[in-house]
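>
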């Protein structure tokens, strides 16, 4: 399932979340989720061709939701986003 996060960091920032509960330690589901996000990112160019796909796994990696999800973050030169981000612009 795709949806916009509560605090998108760039225009077009979306989250891909598997419909069944999954944790990052499930390599099969993590691989499938990342592949789905990559396929979405490389299909069409509504937001350009530059992007980050990000998986935050664990509290030290700024994961705040205990459910596997992949951030699709379209990028543009000068967009002002520095990584890592804190969840707020």
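Numbering (this note's numbering), first residue to last: 54 to 142. Think of the CB as a built atom: it goes at the ideal place given N, C-alpha and C, for glycine as much as any other residue. No experiment lies behind these values; they were computed from the predicted model shown.
(1) Check whether the stretch 116 to 134 and the stretch 57 to 65 are in contact - that is, three or more C-beta pairs closer than 8 Å.
(2) Can you round the beta-carbon distance between residue 118 and residue 90 to whole angstroms, since I take them to be within the 8 Å contact cut?
(3) Does residue 121 pass the burial test, meaning 16 or more other C-beta atoms within 10 Å, or should it be called exposed?
(4) For residue 124, report the span of its beta strand (DSSP E) as first-last.
(5) What residue range does the beta strand (DSSP E) around residue 60 cover?
Taking the structure as given:
(1) Counting Cβ pairs under 8 Å, three or more are found: they touch.
(2) About 16 Å separates the two Cβ atoms, so there is no contact after all.
(3) It counts as buried.
(4) It spans 123 to 127 - the beta strand (DSSP E) in which residue 124 sits, taken as one unbroken run.
(5) Premise fails: residue 60 is in no beta strand (DSSP E) and is neither H nor E.
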